[in-house]
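*Asks:* One structure, as structure tokens, below. Some questions next.
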Amino acid sequence: MTKGQAFHHRSTLKQKNKPFKSKHATKSDLRAKDKGKTVRVSIKGKASRAQNKADRKNIARIEQQKKREEQATIKRLFTGKLKAPKIVSVIPLCPDTSALYAVSALHSALGIPTEQISPISIL
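Using full-length UniProt numbering, the first residue of the sequence shown is number 1, and each one after it goes up by one.
Written out as structure tokens, the structure is:
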């Protein structure tokens with residue numbers, strides 16, 4: 001800087017042109033916009049109030065707990081002393097395959113003796 005020059009801050013008040021200058025629509029503008037449309041009434045009944053963040057989190061947490069409880073009851077159903085038996089049906093999709101052979105192959109792969117196979121009905 002030379003002796004005669006002073007330091008100035010940059011101006012913060014800059015001119016901004018308004019993108020839309022009209023503040024209000026005229027009656028004819030409003031009518032043209034509506035074009036004879038009627039106001040639709042909601043059939044659902046009461047309008048649900050806007051939920052705040054805490055309410056939404058609480059509802060999500062409750063839903064997660066319900067899902068966990070459902071999964072736990074399903075898991076308990078198939079475990080323990082009073083467990084429900086799991087019924088599996090093997091249906092051959094081709095005429096040249098045997099369901100009994102497929103089940104015995106699965107049993108031998110798992111190391112279960114084939115005597116425990118209880119075919120209810122073999123088609």
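The beta carbon of each residue, even a glycine, is placed where N, CA and C say it ideally should be.
1) Look at the alpha carbon of T12 and the alpha carbon of H24, and state the distance between them as a whole number of angstroms.
2) Return helix, strand or coil for T38, following the three-state DSSP convention.
3) Please check the pair T114 and S98, which I expect to be a contact at CB under 8 Å, by giving their CB distance rounded to whole angstroms.
4) What does the alpha-carbon distance come out to for the pair L123 and A84?
5) What do you reckon, are the CB atoms on K86 and F78 nearer than 8 Å?
6) Flag this pair as yes or no: are the beta carbons of V90 and A102 separated by less than 8 Å?
7) Look at the alpha carbon of N52 and the alpha carbon of S42, and state the distance between them as a whole number of angstroms.
8) Tell me whether K16 is buried or exposed, calling it buried when 16 or more other Cβ atoms sit within 10 Å of its Cβ.
9) What three-state label does DSSP hand L123 in the structure shown?
*Replies:* According to the structure shown:
1) Locating residue 12 in the sequence shown gives position 12, where the first residue counts as 1. Locating residue 24 in the sequence shown gives position 24, where the first residue counts as 1. Approximately 30 Å between the Cα atoms of the pair.
2) The sequence position of residue 38 within the sequence shown is 38, counting from 1. Note: T38 maps to coil in three-state DSSP.
3) Counting from 1 along the sequence shown, the entry for residue 114 is found at position 114. Counting from 1 along the sequence shown, the entry for residue 98 is found at position 98. Contact doesn't hold; Cβ gap of about 13 Å is too wide.
4) The count along the sequence shown starts at 1 and reaches residue 123 at position 123. The count along the sequence shown starts at 1 and reaches residue 84 at position 84. Unreliable placement is indicated for L123, whose pLDDT of 48 sits below 50; the coordinate value is still reported in the next sentence. Distance between the alpha carbons of L123 and A84: 25 Å.
5) Here residue 86 refers to the residue found at position 86 of the sequence shown. Here residue 78 refers to the residue found at position 78 of the sequence shown. Between K86 and F78, the gap from beta carbon to beta carbon is short of 8 Å.
6) Taking the sequence shown and counting its residues from 1, the one referred to as residue 90 is at position 90. Taking the sequence shown and counting its residues from 1, the one referred to as residue 102 is at position 102. For V90 and A102, yes; Cβs fall inside 8 Å.
7) Indexing the sequence shown from 1 puts residue 52 at position 52. Indexing the sequence shown from 1 puts residue 42 at position 42. Their Cα atoms are separated by approximately 23 Å.
8) For this step, residue 16 is matched to residue 16 along the sequence shown. Per the 10 Å Cβ criterion, exposed.
9) Stepping through the sequence shown from its first residue, residue 123 is reached at position 123. Its pLDDT being 48, under 50, L123 is placed unreliably in this model, and the coordinates cannot settle the point.
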